[in-house]
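A.B. asks: Sharing a structure below in structure tokens format, with a few things to ask.
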């Protein structure tokens with residue numbers, strides 16, 4: 003059996019993520035070998051794994067770092083080789099549980115993955131297993147990553163990243179003096195209910211058939227009947243067209259129902275029939291995209307509270323809000339797009355003006371479907 007590679011920064015040994023252009027810990031620029039897919043420093047002439055000559059990275063996007071074979075130990079620096087050995091030979095669930103205990107159950111996804119030397123996907127899977135076994139509570143705030151905007155390129159990144167994974171700029175870490183939204187128990191329950199509605203939708207086959215049929219009809223309009231309705235098998239152009247039509251359906255064809263944030267998170271098929279507010283519409287959009295094999299998605303959640311308006315100044319009391327982040331693949335890079343189906347004037351990758359001053363108060367939670 004072929005074992006999968008653990009991609010890490012050759013400079014500091016920190017785990018590298020899919021499409022990561024710069025190491026989030028040491029800030030060094032990364033690139034992927036075109037022959038064996040191993041992660042290398044961008045300034046290297048030859049791959050440290052297979053020895054092939056490296057082509058200079060094209061910095062118009064984020065270089066792909068996909069999963070391949072484990073690099074041979076004799077080709078790696080001793081510190082890197084030992085780190086891989088430790089990773090493969092340990093119990094990740096036990097490490098995650100110990101880390102949770104040490105941090106009283108409240109962790110940052112980015113920092114935890116870096117500290118434990120695992121990928122974000124491995125960390126989320128470990129947290130899911132611990133929840134399913136009843137080892138950690140389902141309402142514990144563990145699937146959490148506070149967001150911030152890069153000081154240079156203004157892209158949204160994890161608040162604990164000292165370097166931007168898009169442009170590589172060093173981030174200025176300043177202690178927040180103004181009120182910040184906290185992920186309170188009510189907001190966390192709303193978030194976990196949304197995740198459950200998306201993940202468990204297929205467990206209700208009769209009701210789910212409504213979503214599956216609507217998604218298939220939209221795919222026929224977007225792609226015709228000759229193409230596969232599976233996002234993983236589509237070109238970037240077809241992915242974007244399919245995503246756009248599903249988004250427009252949830253934005254325009256499904257009525258908006260103003261309710262208090264998280265008052266009742268509907269199943270996707272309930273929202274189709276009765277309409278819903280921001281959280282219900284995001285559940286519907288994510289469920290439809292899951293049925294079409296869009297897999298790299300996150301909830302973007304703004305907890306309610308009194309916050310400083312970074313554009314207009316002063317404080318504003320904000321109601322809770324939810325958006326969806328979807329990541330598409332475009333050749334050798336990945337493109338993140340924000341979607342807000344409850345904003346009637348927003349297109350794909352447009353954020354409502356009402357929430358733009360509060361982006362650094364959003365939390366980012368991965369969706370497993």
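Numbering (our numbering), first residue to last: 3 to 371. Quick reminder that beta carbons are idealized off the backbone N, C-alpha and C, glycines included.
Mind reading off the beta-carbon distance from residue 270 to residue 203? Whole number of angstroms is fine, and I expect it under 8 Å.
C.D. replies: Indeed, because the Cβ distance is near 6 Å, the residues count as touching under 8 Å.
A.B. asks: In angstroms, rounded to a whole number, what distance separates the CA positions of residue 253 and residue 100?
C.D. replies: Rounded to whole angstroms, residue 253 to residue 100 spans 43 Å at the Cα level.
A.B. asks: Return the chain-ordered list of same chain residues with a C-beta closer than 7 Å to the C-beta of residue 114, the five sequence neighbours on each side being excluded.
C.D. replies: Once the five neighbours on either side are set aside, the close Cβ partners of residue 114 are 101 and 125.
A.B. asks: Going by DSSP in three states, residue 293 sits in which element: helix, strand or coil?
C.D. replies: Three-state DSSP puts residue 293 in a helix.
A.B. asks: How many angstroms separate the CA atom of residue 298 from the CA atom of residue 369?
C.D. replies: Those two C-alpha atoms are separated by around 8 Å.
A.B. asks: Is it a yes or a no for the stretch 338–346 touching the stretch 276–286, going by three-plus beta-carbon pairs under 8 Å?
C.D. replies: With a cut-off of 8 Å, the stretch 276–286 and the stretch 338–346 count as touching, because enough Cβ pairs lie within range.
A.B. asks: Assuming residue 101 is part of the alpha helix (DSSP H), what are its boundary residues?
C.D. replies: Note, residue 101: alpha helix (DSSP H), 94–104.
A.B. asks: Tell me whether residue 181 is buried or exposed, calling it buried when 16 or more other Cβ atoms sit within 10 Å of its Cβ.
C.D. replies: The predicted position of residue 181 is uncertain, since its pLDDT is 49 and thus under 50; a value taken from the coordinates is nonetheless stated next. That one is exposed.
A.B. asks: Could you check if residue 27 is buried or exposed, using at least 16 other CB atoms within 10 Å of its CB as the buried criterion?
C.D. replies: Counting Cβ neighbours within 10 Å, residue 27 comes out buried, since at least 16 surround it.
A.B. asks: On the criterion of 16 or more Cβ atoms from any shown chain inside 10 Å, does residue 42 qualify as buried, or is it exposed?
C.D. replies: With 16 or more other Cβ atoms within 10 Å, it is buried.
A.B. asks: Taking the CB atoms as reference points, tell me whether residue 360 and residue 325 lie closer together than 8 Å.
C.D. replies: Result no, Cβ atoms of residue 360 and residue 325 do not sit closer than 8 Å.
A.B. asks: On the CB-based measure, 16 or more other CB atoms within 10 Å of its CB, does residue 218 come out buried or exposed?
C.D. replies: Flag for residue 218 reads exposed.
A.B. asks: For residue 174 and residue 154, what's the separation of their Cα atoms in angstroms?
C.D. replies: Looking at the two C-alpha atoms, the distance is approximately 10 Å.
A.B. asks: What residue does the beta strand (DSSP E) around residue 335 start on, and which one ends it?
C.D. replies: Residue 335 -> beta strand (DSSP E) spans 335–341.
A.B. asks: Tell me the DSSP secondary structure of residue 67 in three-state form.
C.D. replies: The pLDDT assigned to residue 67 is 28, lower than 50, so where the model puts this residue is not dependable; a value taken from the coordinates is nonetheless given after this. Residue 67: coil per DSSP, three-state reduction.
A.B. asks: May I have the straight-line CA-CA distance separating residue 140 from residue 260, to the nearest angstrom?
C.D. replies: Note on residue 140: pLDDT 48, under 50, position unreliable in the model; the coordinate value appears next. For residue 140 and residue 260, the distance between alpha carbons rounds to 28 Å.
A.B. asks: How is the alpha helix (DSSP H) around residue 324 delimited, first residue to last?
C.D. replies: Counting along the chain, residue 324 falls outside any alpha helix (DSSP H), though it belongs to the beta strand (DSSP E) covering 323–332.
A.B. asks: Alpha carbon to alpha carbon, what distance is there between residue 335 and residue 49?
C.D. replies: About 20 Å.
A.B. asks: Please tell me whether residue 233 and residue 244 are closer than 8 Å, where the distance is taken between their beta carbons.
C.D. replies: A contact, by the Cβ cut-off of 8 Å.
A.B. asks: Got a sec, what are the start and stop residues for the beta strand (DSSP E) residue 272 sits in?
C.D. replies: Counting along the chain, residue 272 falls outside any beta strand (DSSP E), though it belongs to the alpha helix (DSSP H) covering 270–276.
A.B. asks: What is the DSSP secondary structure of residue 165, counted as helix, strand or coil?
C.D. replies: Here residue 165 sits in strand by DSSP.
A.B. asks: Pull the bridge partners of residue 258 from the DSSP assignment, please.
C.D. replies: Answer is 278, bridged to residue 258.
A.B. asks: Look up residue 172 in the DSSP assignment and give the residues it is bridged to.
C.D. replies: Residue 172 is bridged to 165.
A.B. asks: What number of angstroms, rounded off, separates the C-alpha of residue 349 from the C-alpha of residue 339?
C.D. replies: Whole-angstrom Cα-Cα distance: 10 Å.
A.B. asks: Quick check on DSSP: helix, strand or coil for residue 30?
C.D. replies: Here residue 30 sits in coil by DSSP.
A.B. asks: Using a Cβ-Cβ cut-off of 7 Å (strictly less than) and excluding sequence neighbours within five positions of residue 132, which residues of its own chain qualify?
C.D. replies: These residues qualify, in order along the chain: 95, 98, 99 and 138.
A.B. asks: Near residue 241, what residues of its chain come up, given a Cβ to Cβ distance below 6 Å and the 5 sequence neighbours on each side ignored?
C.D. replies: Result list for residue 241: 233 and 330, in chain order.
A.B. asks: Could you say which of 250, 16, 273 and 23 lies nearest to residue 169 if we only look at CA atoms?
C.D. replies: Residue 169 has its Cα closest to that of 23, out of 250, 16, 273 and 23.
A.B. asks: Using C-beta distances below 8 Å, list every residue in its chain close to residue 277, excluding the 5 sequence neighbours before and after it, in chain order.
C.D. replies: The residues are 256, 257, 258 and 259.
A.B. asks: Return the CA-CA distance between residue 197 and residue 362, expressed in angstroms with no decimal places.
C.D. replies: Straight-line Cα distance between these residues: approximately 22 Å.
A.B. asks: Among the residues of its own chain, which have a CB less than 8 Å from the CB of residue 294, if the five just before and after it don't count?
C.D. replies: 217, 221, 231, 232, 233, 244 and 248, listed in sequence order.
A.B. asks: Alpha carbon to alpha carbon, how far is residue 171 from residue 272? Give it in angstroms, no decimals.
C.D. replies: Between residue 272 and residue 171, the C-alpha separation is close to 44 Å.
A.B. asks: For the ligand ADP, I want to know if residue 371 counts as a neighbour, meaning its beta carbon is within less than 7 Å of at least one of the ligand's heavy atoms.
C.D. replies: The ligand ADP is not part of the structure shown, which contains no ligands of any sort.
A.B. asks: Figure out for me which residue from 156, 268 and 310 has the closest Cα to the Cα of residue 209.
C.D. replies: When only C-alpha atoms are compared, the closest one is 268.
A.B. asks: Could you have a look at residue 310 and say whether DSSP puts it in helix, strand or coil?
C.D. replies: Here residue 310 sits in strand by DSSP.
A.B. asks: What is the C-beta distance between residue 116 and residue 17, in whole angstroms, given that I count them as a contact (C-beta under 8 Å)?
C.D. replies: Indeed they touch by this definition, with Cβ atoms about 7 Å apart.
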